[in-house]
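Enquirer: First to last, the protein sequences are chains A and B.
Everything in the first sequence is counted per the numbering used here, starting at 2 for the first residue and increasing by one.
Everything in the second sequence is counted per the numbering used here, starting at 2 for the first residue and increasing by one.
Virtual Cβ for every residue (Gly too), placed ideally from N, Cα, C.
Note that the coordinates shown come from a computational prediction; the quantities given were computed from them, not determined experimentally.
Number of protein chains: 2
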Amino acid sequence: MNEFIAPVDPAKAYRLLNHGPTVLVSARHDGVDNVMAAAWACALDFMPAKLTVVLDKIAKTRELVEQSGVFVIQVPTAAQLRLTHDVGTRSLSDEADKLQRSGVELFRIPGHDLPFVAGCSAWLACRLIPEPHNQSTYDLFIGEVIGAWADTRVFKDGHWHFETADPAWRSLHYIAGGHFYAIGDALDVEVADEK
Amino acid sequence: MNEFIAPVDPAKAYRLLNHGPTVLVSARHDGVDNVMAAAWACALDFMPAKLTVVLDKIAKTRELVEQSGVFVIQVPTAAQLRLTHDVGTRSLSDEADKLQRSGVELFRIPGHDLPFVAGCSAWLACRLIPEPHNQSTYDLFIGEVIGAWADTRVFKDGHWHFETADPAWRSLHYIAGGHFYAIGDALDVEVADEK
């Protein structure tokens with residue numbers, strides 16, 4: 002956990018996902034860690050913050066989430082483009098050294114027995130809210146955020162600073178076939194003149 | 002329905018949402034049309050395409066969705082920044098002329114009795130899959146996509162073309178307080194060299 006990582010106000014944790022980035026999902030159970038990419042993750046509530054994430058039945062990470070009841074949703078950066086694609090296409094079932102081969106470095110945050118992926122811009126530690134019907138019918142998982150952190154070089158005081166941070170910090174937004182977009186320019190509506 | 006709007010291959014409809022844009026939700030019931038903005042919309046399945054969207058209990062559009070069982074999710078553009086913010090902050094309950102005041106123009110697509118918002122880049126007509134527990138507990142609605150269209154000036158042959166289209170076509174990604182980001186540069190992983 003480096004010097005730039007700071008807790009995020011729980012009331013503002015939803016902002017880490019509000020712009021719809023592709024995320025990394027990580028989980029740990031019984032000595033096994035895994036990390037996968039997920040484009041289908043979304044904020045669900047403000048306070049306590051909740052989120053949804055779609056985890057396919059073939060995903061090893063899904064098993065770890067179901068077994069441990071906890072997981073991390075983290076926001077990867079443009080600098081992690083290849084890593085994000087790799088953990089989204091390799092499988093731990095086929096390659097026991099998937100994480101090393103994908104260049105994943107894990108780190109600890111005190112108080113949470115979870116695998117956090119180094120180099121991301123933000124992390125949301127989540128407790129699974131069990132919803133068996135959603136999980137089995139739709140592969141849809143609901144998490145309640147129990148801790149949120151961000152790298153202050155790109156998210157600080159409750160706000161993203163993509164417009165002033167190095168472009169390597171931009172979030173990734175996956176489409177298909179290895180094709181991503183980075184988040185782009187800021188666009189602001191003048192709220193003061195609202196009727 | 003202008004000459005640039007074309008149907009999207011149902012197998013590729015998920016790509017219209019995969020990068021996590023803020024969307025407009027519209028619905029019609031008993032002669033009443035409404036449109037709202039939603040940052041919390043997400044793809045849920047490939048084929049048939051499904052999606053989730055969070056609709057707050059105070060939203061008039063939610064009532065119309067529950068009553069009619071159908072709705073449209075559409076992707077607004079940077080040119081619609083003010084419109085998107087306006088329909089997200091004004092309420093039809095307070096202003097009967099909300100849509101006109103927000104600059105919303107609706108159009109028809111044959112075969113669908115739904116209000117489509119003109120000027121967007123993509124439209125997903127959805128049938129509500131009733132899930133009363135999700136709707137009441139989480140304000141979470143699931144839709145199955147029954148029709149998809151895009152403006153071929155920015156989405157064509159199953160792909161977004163943000164990198165070559167006019168920047169006014171970029172999707173919007175809301176954070177909070179009137180602050181949005183546009184989608185940015187393309188980033189590609191060379192899939193051919195995958196091991």
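Is DSSP giving B/Arg16 helix, strand or coil here?
Expert: Here residue 16 of chain B corresponds to residue number 15 of the second sequence, with the count starting at 1. B/Arg16 falls in the helix class under three-state DSSP.
Enquirer: Identify every residue that forms a DSSP beta bridge with A/Asp46.
Expert: For the purposes of this step, residue 46 of chain A is identified with residue 45 of the first sequence, where counting begins at 1. According to DSSP, which records beta bridges pairwise, A/Asp46 is partnered with A/Lys51.
Enquirer: Could you check the C-alpha separation between B/Thr78 and A/Gly32 for me, to the nearest Å?
Expert: Start at 1 with the first residue of the second sequence, and residue 78 of chain B comes out as number 77. Start at 1 with the first residue of the first sequence, and residue 32 of chain A comes out as number 31. Roughly 46 Å between the two C-alpha positions.
Enquirer: Chain A partners of B/Gly121, CB-CB under 7 Å?
Expert: Residue mapping note: residue 121 of chain B aligns to position 120 of the second sequence, counting from 1. It should be pointed out that residue 121 of chain B corresponds to Cys in this sequence rather than to Gly. The premise fails here: B/Cys121 is roughly 16 Å from chain A at the closest Cβ pair, so nothing lies under 7 Å.
Enquirer: Would you identify the three-state DSSP class for B/Asn35, choosing helix, strand or coil?
Expert: By 1-based counting over the second sequence, the position of residue 35 of chain B is 34. Strand.
Enquirer: Does the Cβ of B/Leu84 lie closer than 7 Å to at least one heavy atom of the ligand COA?
Expert: Summarising the ligand content, the structure contains no ligands, and the ligand COA is consequently not present.
Enquirer: I need the straight-line Cα distance from B/Gly185 to A/Trp161, nearest angstrom please.
Expert: Looking up residue 185 of chain B in the second sequence gives position 184. Looking up residue 161 of chain A in the first sequence gives position 160. If I take the Cα positions, the gap works out to 15 Å.
Enquirer: Where does B/Val24 sit, in a helix, a strand or coil, going by DSSP?
Expert: The residue given as residue 24 of chain B occupies position 23 in the second sequence. DSSP places B/Val24 in strand when its eight states are reduced to three.
Enquirer: Distance, Cα to Cα, B/Ser92 vs A/Leu65?
Expert: Position 91 of the second sequence holds residue 92 of chain B. Position 64 of the first sequence holds residue 65 of chain A. For B/Ser92 and A/Leu65, the distance between alpha carbons rounds to 43 Å.
Enquirer: Leaving out five residues before and five after B/Leu141 in sequence, what residues of the same chain have Cβ atoms less than 7 Å from its Cβ?
Expert: Translated into positions along the second sequence, residue 141 of chain B becomes position 140. Result list for B/Leu141: Thr53, Val55, Asn135, in chain order.
Enquirer: In angstroms, rounded to a whole number, what distance separates the CA positions of A/Gly179 and A/Asp87?
Expert: In the first sequence, the residue the question calls residue 179 of chain A occupies position 178. In the first sequence, the residue the question calls residue 87 of chain A occupies position 86. Cα to Cα, A/Gly179 sits roughly 10 Å from A/Asp87.
Enquirer: Using a C-beta cutoff of 8 Å, does A/Asp167 count as contacting chain B?
Expert: On the first sequence, residue 167 of chain A is found 166 positions in, with the first residue counted as 1. Judged by the 8 Å Cβ criterion, A/Asp167 is not in contact with chain B.
Enquirer: Can you tell me whether B/Val88 is helix, strand or coil according to DSSP?
Expert: Along the second sequence, one-based indexing puts residue 88 of chain B at 87. Three-state result, B/Val88: helix.
Enquirer: For a contact meaning CB atoms closer than 9 Å, what does B/Phe72 contact in chain A?
Expert: Your numbering for residue 72 of chain B matches position 71 in the second sequence. Here the premise fails: no neighbours, minimum Cβ distance about 17 Å.
Enquirer: Would you check if the region 149-163 of chain A and the region 66-73 of chain A touch, i.e. whether three or more CB-CB distances between them fall below 8 Å?
Expert: As far as the Cβ criterion goes, the region 66-73 of chain A does not touch the region 149-163 of chain A, which means the pair count is below three.
Enquirer: Against B/Val192, what residues of chain A qualify as contacts under a CB-to-CB distance less than 7 Å, listed in chain order?
Expert: If you number the second sequence from 1, residue 192 of chain B lands on position 191. Within chain A, the residues near B/Val192 are Gly178, Gly179.
Enquirer: Along the region 29-47 of chain A, what residues have a CB closer than 8 Å to any CB found in chain B?
Expert: Ala40, Trp41, Ala42, Cys43, Ala44, Leu45, Asp46
Enquirer: Please confirm whether A/Pro133 has its beta-carbon closer than 8 Å to some beta-carbon of chain B.
Expert: What you label residue 133 of chain A is simply residue 132 of the first sequence in a count that begins at 1. It does not; no Cβ of chain B falls within 8 Å.
Enquirer: If the criterion is Cβ atoms closer than 8 Å, does the pair A/Val190 and B/Leu82 meet it?
Expert: Here the question's residue 190 of chain A lines up with position 189 in the first sequence. Here the question's residue 82 of chain B lines up with position 81 in the second sequence. Taking 8 Å as the Cβ cut-off, A/Val190 and B/Leu82 qualify as a contacting pair.
Enquirer: Note down the Cα distance separating A/Pro111 from A/Phe72, rounded to an integer number of angstroms.
Expert: On the first sequence, position 110 is the one that residue 111 of chain A refers to. On the first sequence, position 71 is the one that residue 72 of chain A refers to. Rounded to whole angstroms, A/Pro111 to A/Phe72 spans 15 Å at the Cα level.
Enquirer: What is the DSSP secondary structure of B/Lys157, counted as helix, strand or coil?
Expert: Numbered from its first residue, the second sequence carries residue 157 of chain B at position 156. Reduced to three states, the DSSP call for B/Lys157 is strand.
Enquirer: Start and end of the beta strand (DSSP E) containing B/Gln197?
Expert: Any question about residue 197 of chain B goes unanswered here, given that chain B covers just 2 to 196.
Enquirer: Return the chain-ordered list of same chain residues with a C-beta closer than 7 Å to the C-beta of A/Leu45, the five sequence neighbours on each side being excluded.
Expert: As a working mapping, residue 45 of chain A is identified with position 44 in the first sequence. Around A/Leu45: Lys51, Leu52, Thr53, Ile143.
Enquirer: In angstroms, rounded to a whole number, what distance separates the CA positions of A/Pro116 and A/Asn35?
Expert: In the first sequence, the residue the question calls residue 116 of chain A occupies position 115. In the first sequence, the residue the question calls residue 35 of chain A occupies position 34. Computed Cα separation, rounded: 8 Å.
Enquirer: Spatial neighbours of B/Ala183 within its chain, please: C-beta separation below 6 Å, excluding the five flanking residues on both sides.
Expert: Here residue 183 of chain B corresponds to residue number 182 of the second sequence, with the count starting at 1. Ala79, Arg171, listed in sequence order.
Enquirer: Looking at A/His174: is its Cβ nearer than 8 Å to the Cβ of B/Gly21?
Expert: In the first sequence, residue 174 of chain A corresponds to position 173, counting from 1. In the second sequence, residue 21 of chain B corresponds to position 20, counting from 1. Yes, the Cβ-Cβ distance between A/His174 and B/Gly21 is below 8 Å.
Enquirer: Below 8 Å between beta carbons: does that hold for B/Ala7 and B/Thr23?
Expert: Residue numbering aside, residue 7 of chain B sits at position 6 when the second sequence is read from its first letter. Residue numbering aside, residue 23 of chain B sits at position 22 when the second sequence is read from its first letter. No. Outside cutoff.
Enquirer: Indicate the three-state DSSP secondary structure (helix, strand or coil) for A/Leu65 in the structure shown.
Expert: Mapped onto the first sequence, residue 65 of chain A falls at position 64. Helix, per DSSP.
Enquirer: Assuming the contact rule is C-beta atoms closer than 8 Å, B/Ala151 and B/Ala187 should be a hit. Round their C-beta distance to whole Å, please.
Expert: Taking the second sequence and counting its residues from 1, the one referred to as residue 151 of chain B is at position 150. Taking the second sequence and counting its residues from 1, the one referred to as residue 187 of chain B is at position 186. Your pair B/Ala151 and B/Ala187 does not check out as a contact, with CB atoms roughly 17 Å apart and the cut at 8 Å.
Enquirer: Helix or strand or just coil, what does DSSP make of A/Leu56?
Expert: Here the question's residue 56 of chain A lines up with position 55 in the first sequence. The answer is coil: DSSP assigns A/Leu56 none of H, G, I, E or B.
Enquirer: To test your reading of the DSSP string, which unbroken beta strand (DSSP E) runs of 3 or more residues are found completely within the region 111-164 of chain B?
Expert: 113-118, 123-130, 141-152
Enquirer: Looking at A/Trp41: is its Cβ nearer than 8 Å to the Cβ of B/Cys127?
Expert: What you label residue 41 of chain A is simply residue 40 of the first sequence in a count that begins at 1. What you label residue 127 of chain B is simply residue 126 of the second sequence in a count that begins at 1. No, Cβ-Cβ distance for A/Trp41 and B/Cys127 is not below 8 Å.
Enquirer: Can you list, in chain order, the residues of the region 144-157 of chain A whose Cβ is nearer than 7 Å to any Cβ on chain B?
Expert: none
Enquirer: According to DSSP, is B/Arg83 helix, strand or coil?
Expert: Looking up residue 83 of chain B in the second sequence gives position 82. It is helical.
Enquirer: Could one say the Cβ of A/Arg171 lies closer than 8 Å to chain B's Cβ atoms, at least one of them?
Expert: Locating residue 171 of chain A in the first sequence gives position 170, where the first residue counts as 1. It does: the Cβ of A/Arg171 has a partner Cβ on chain B nearer than 8 Å.
Enquirer: Measuring CA to CA, which of B/Thr138, B/Ser137, B/Pro131, B/His113 is closest to B/Ser27?
Expert: Within the second sequence, the letter at position 26 stands for residue 27 of chain B. Of the listed residues, the one whose Cα sits closest to B/Ser27 is B/His113.
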